[in-house]
Amino acid sequence: MNTKQLLLLPFLFLLSSVSVAQDILFPYQENFAWQVKQIDEFMDRFNNADYTPIRRYLKDEYNLDDVSRLDLVRSLFNMEKQDWDQERVVQFLNQVNDTVPPPYLDFYDQNWYAELDCAGEYQEEKVDFTLTLSLQVDEETKASRWIINSVQGDFLPNDSSALAFGVDSTYDASKTLNPASFGTDFMALVDALKDTANLEGYVVPKSINRPLVVFMNLLYQRDLIFKQVDYITYHFLQINNWIFQVQDFHRESTNSGWLINSLVAVTEDEKHEYRKQVLHLP
Amino acid sequence: MTQKLSLLSSLLLLLIVPAIGQANNDVIYQLDDEPIACVITEVTEQVIRYKHPENQEGPDYILKKDRALLIFKENGDYMLPTEDNSEWVSGVSENNHKIITKANEVLAVQFIEVEGVDIKYQSSRGNNELPTEKVLIVIYKDGRHELYDSPKKVAQGLAQIGTQINEVASNEASTSVTEASNPENTVTASTSDISSGEAVELSAEQKTHFEQMAEVKANDFGKYLNIISDKKEDEEDKLYAIEGAMKLFIDDSVKIEVSSMNREQKRQFLVPEYLNRLRMLPYDDVKLTWMNAQLVSRLRPGQDGKWYGVIAARQLFRGYIDNKIVYQDVTDKNMEVVLMRYEVFDEGVKKQKWDVFLSDIGVQQTREK
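Here the protein sequences come in this chain order: A and B. Residue 195 in the numbering used here is what sits at position 195 of the first sequence, and the numbering runs on without skipping anything. Residue 170 in the numbering used here is what sits at position 170 of the second sequence, and the numbering runs on without skipping anything.
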């Protein structure tokens, strides 16, 4: 049995019901229901939360109340990927499913990051760069915002020494990337990074590194224009001994949207290195 | 009847029907006499002063208060003059129409259409209908109203309902009443000003209520898009639909992202520009199907005092020239929704209200259908 079959098996009984399709829109509705449309929907499905669009859909369409967490986590893997290490996947599934207390993903835990491949214009030339963002949370109120932690690009210095960044205390603190900015693939960055008077609201000044200082100064001087976010990868470091990456897969299928595309077994030391070497965190 | 037709009928109904009580006037329903269409200037303990609507610079007319059963102002506020300590009651929610039944239920609904002896309406629970014989009055969200029983019965019904008119009847609990007059339903966790950015707590019930309201608004937006893009619709109706759609958004600076099978780069437009471009698409005909929008990211507090969530919807688009499809795609849209507090002056009193609005809309993916 190949990986795809292994992962799909629990859902075959559901997919067989497609034969009762009511109208020509049905395949689109079915695929849309299964699609993991947002990264926090991914987290909710991973946790088998009571409220998820897929549970709502299964209840409404199939009168199905009881869906196991194991099945839901299986459905979060990219099944089109051919080279999964099945033994490792099963090990991961067992840990998620059997550990007491079960490991969950937490939106407000800061051990997850958004890596954004972006395009801009620098000295009238198109440039590519990568931003790493994380959620900054007020622990008391749970009010949160997204902040830029690091940036890498060929036009930026590549050493990561920390530098002071002069913060203009008059910036408008309400100008932030709101916690749902991921929902529109951070499209708000286009306007946010043009707003040079309030750039401070999008970084954490006390832990800024040199490439980010240069990046912010280029934006401030309008030498660099942020154009768009091209691609997003989410990195999850919340589960003990594992790191996995989640990416968005566009296809007309019940296995689409934000799915696990990379799974690595790691030690805590390796997680620390991952933060520095892969995410370039200060 | 399709939802689009139902919506249009609803819009047209509001625009066209000139029955008493729906014209742009205040109305005094008299005891044992014809209603008076007028402009009310003052209501004292003893009398109602009003002017002729077509001679508002002219003299005041006076009616003894005990000769009036019910006064309705143009904006939907009403008063029961014969009640002790009679006061103006706000009958309007800006997000829904209200059907008040003879069983003293208040149904808050999104779209409404009177067809013969039935009132068809749509709420977040789907489409329903009610015979007019069971209805006392309909109060539209723009302030107009329509009586389905004698003014005396309507006044009695409104008296029994009292200020609970702003609560939602139990069988329509998921519809979108914005104002919560019952303290238990009121969002009161903080009295801080909006701009302070202090986080405000919402109960699970309140959160669910606003999330359902957001889904209703997102689906309304889809219906408006359908009208705006439809080449068979009158231009006037399309402009009216654009106006209606704009009211769903937090402000005019909201951006809508657009993608195409024929273009690698996504583009962003301000909402008014996007809607106008949609209205003028260079096709002979356009079929735009907006599948059920659903909340996929629950409301979370931002550091600016507002709450944010995400709604996902799938749009099927077909453009025709000479009866042939020349472009079609499937686009997944993600809409930010914002729950925010704002202040209004109601009869001179400053009140805080909450409402949920649509914000930036991004394109998740575009595929050929």
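Don't be surprised by glycine CBs; every beta carbon is placed ideally from N, CA and C. Since this is a predicted model, take the numbers as computed values, not measurements.
Residue from the options with nearest C-alpha to residue i
i, options, result
"L116 (chain A)", "A:Q152, A:I243, A:Q82 and A:D138", "A:Q152"
"D40 (chain A)", "A:A49, A:R56 and A:L199", "A:A49"
"P131 (chain B)", "B:V363, B:K324, B:I139 and B:Y148", "B:Y148"
"L107 (chain B)", "B:Q46, B:K153, B:K141 and B:E54", "B:K141"
"R74 (chain A)", "A:R88, A:L135 and A:D269", "A:R88"
"D360 (chain B)", "A:H235, A:G183 and A:F215", "A:G183"
"Q290 (chain A)", "A:N158, A:D195 and A:N111", "Outside the shown range of chain A, which is 1 to 282, sits residue 290 (chain A), and nothing can be said about it."
"A155 (chain B)", "B:E336, B:F357, B:V356 and B:L136", "B:L136"
"A33 (chain A)", "B:L339, B:V356 and B:A293", "B:A293"
"D44 (chain A)", "B:R298, B:I99, B:L239 and B:F357", "B:R298"
"K51 (chain B)", "B:D77, B:K134, B:Y61 and B:V271", "B:Y61"
"Q228 (chain A)", "A:R210, A:L131 and A:K271", "A:L131"
"L274 (chain B)", "B:L69, B:Y121 and B:E243", "Sequence check: residue 274 (chain B) is Tyr here, not Leu. Selected option, being the one with the closest Cα: B:E243."
"T331 (chain B)", "B:K353, B:A312 and B:F249", "B:A312"
"V89 (chain B)", "B:K73, B:N104 and B:I99", "B:K73"
"Y234 (chain A)", "A:N209, A:V278 and A:E270", "A:V278"
Other residues of its chain near residue i: CB distance less than 7 Å, five sequence neighbours each side excluded
i, result
"D230 (chain B)", "V286"
"K266 (chain B)", "E257, V258, S259 and V363"
"L281 (chain B)", "S229 and G319"
"A159 (chain B)", "L80 and E83"
"L6 (chain A)", "Any reading at L6 (chain A) is ruled out, since the residue's pLDDT is 42, under 50, leaving its predicted position unreliable."
"L105 (chain A)", "M43, F46, N47, F236 and Q238"
Alpha-carbon to alpha-carbon, residue j and residue i
i, j, result
"N75 (chain B)", "C38 (chain B)", "13 Å"
"S253 (chain A)", "R314 (chain B)", "14 Å"
"S192 (chain B)", "I239 (chain A)", "At S192 (chain B) the pLDDT is 29, less than 50, meaning the model places this residue with poor confidence and gives no usable figure here."
"S93 (chain B)", "K81 (chain A)", "51 Å"
"M246 (chain B)", "D220 (chain B)", "11 Å"
"D234 (chain B)", "F317 (chain B)", "20 Å"
"N63 (chain A)", "T52 (chain A)", "15 Å"
"M216 (chain A)", "R275 (chain A)", "21 Å"
"V296 (chain B)", "V137 (chain A)", "21 Å"
"K369 (chain B)", "T101 (chain B)", "Annotation note: pLDDT 48 at K369 (chain B) (below 50); position unreliable, no value reported."
"K232 (chain B)", "Y224 (chain B)", "14 Å"
"G197 (chain B)", "Q164 (chain B)", "Residue placement at G197 (chain B) cannot be trusted, given a pLDDT of 39 that sits under 50; what the coordinates show is reported in the next sentence. Approximately 31 Å, taken between the alpha carbons."
"D230 (chain A)", "I40 (chain B)", "59 Å"
"A305 (chain B)", "E200 (chain A)", "According to the sequence displayed, residue 305 (chain B) carries Gly and not Ala. One C-alpha to the other measures close to 19 Å."
"L70 (chain A)", "L76 (chain A)", "10 Å"
"Y65 (chain A)", "R56 (chain A)", "Looking at the sequence provided, one finds Asp at residue 65 (chain A) rather than Tyr. Distance between the alpha carbons of D65 (chain A) and R56 (chain A) is about 9 Å."
"W290 (chain B)", "Q29 (chain A)", "11 Å"
"E140 (chain A)", "D251 (chain B)", "30 Å"
"K153 (chain B)", "E129 (chain B)", "22 Å"
"D26 (chain B)", "N55 (chain B)", "14 Å"
"K217 (chain B)", "S123 (chain B)", "11 Å"
"L202 (chain B)", "H209 (chain B)", "10 Å"
Sequence-distant residues of the same chain with beta carbon closer than 6 Å to residue i, five excluded per side
i, result
"M1 (chain A)", "In this prediction, M1 (chain A) scores a pLDDT of 41, lower than 50, which makes its location untrustworthy; the coordinate-derived value is nonetheless stated afterwards. Within the same chain, M1 (chain A) has no close Cβ partners at all."
"V264 (chain A)", "I243"
"D60 (chain A)", "none"
"L31 (chain B)", "R67 and L69"
"E184 (chain B)", "Caution applies to E184 (chain B), whose pLDDT of 29 falls short of 50 and renders its modelled position unreliable; the value that the coordinates give is listed next. Around E184 (chain B): no qualifying Cβ."
"L371 (chain B)", "Within the shown structure, residues of chain B are numbered from 1 to 369, placing residue 371 (chain B) beyond reach of any answer."
Cut-off 8 Å between Cβ atoms - residues of its own chain near residue i, not counting five sequence neighbours on either side
i, result
"Q46 (chain B)", "K64 and K65"
"A188 (chain A)", "L177, N178 and S181"
"N78 (chain A)", "Q247, F249, N255, L259, I260 and N261"
"E121 (chain A)", "V127, L224, I225 and K227"
"V401 (chain B)", "Lying before the first or after the last residue shown, residue 401 (chain B) is absent from chain B, which here runs from 1 to 369."
"V266 (chain A)", "N241, W242, I243 and Y274"
"I148 (chain A)", "L131, T132, L133, Y202, V203 and L212"
"P103 (chain A)", "Q95, V96, Q238, I239 and N240"
Residue i beta carbon near the ligand ZN (any heavy atom closer than 7 Å)
i, result
"D109 (chain A)", "The ligand ZN is not among the ligands present in this structure, which contains no ligands whatsoever."
_For the region 42-61 of chain A, list every residue whose C-beta sits within 8 Å of some C-beta in chain B, in sequence order._
Y51, P53 and R56
| Of all the residues that make up the region 232-247 of chain B, which are near chain A by a beta-carbon distance shorter than 9 Å? | none
- Item | Interface positions of the region 253-279 of chain A facing chain B (Cβ-Cβ less than 7 Å), listed along the chain | none
Exercise for the section: For the region 280-299 of chain B, enumerate the residues whose C-beta is nearer than 9 Å to any C-beta of chain A, in chain order. Expected result: T289, M291, N292, Q294, L295, V296, S297, R298 and L299
Of the residues that make up the region 86-113 of chain A, which ones have a beta carbon closer than 7 Å to any beta carbon in chain B? none
*Which full runs of the alpha helix (DSSP H) of 4+ residues lie inside the region 45-98 of chain A, going along the chain?*
53-62, 69-74 and 86-98
For the region 174-194 of chain A, list every residue whose C-beta sits within 7 Å of some C-beta in chain B, in sequence order. S174, T176, N178, P179, A180, G183, T184, D185, M187, A188 and V190
| said: Restricting to runs no shorter than 4 residues, where is the alpha helix (DSSP H) found entirely within the region 81-164 of chain B? | reply: 151-161
**Asked** What residue ranges within the region 228-255 of chain A form continuous beta strand (DSSP E) runs of no fewer than 3 residues, ordered along the chain?
**Response** 242-249
For the region 221-283 of chain B, list the beta strand (DSSP E) runs that are entirely contained and at least 3 residues long, ordered along the chain. 255-260 and 263-270
Can you pull out the residues from the region 38-53 of chain B whose beta carbon lies closer than 7 Å to at least one beta carbon of chain A? none
Could you run through the region 143-161 of chain A and flag, in chain order, every residue whose CB is less than 8 Å away from some CB of chain B? A143, S144 and R145
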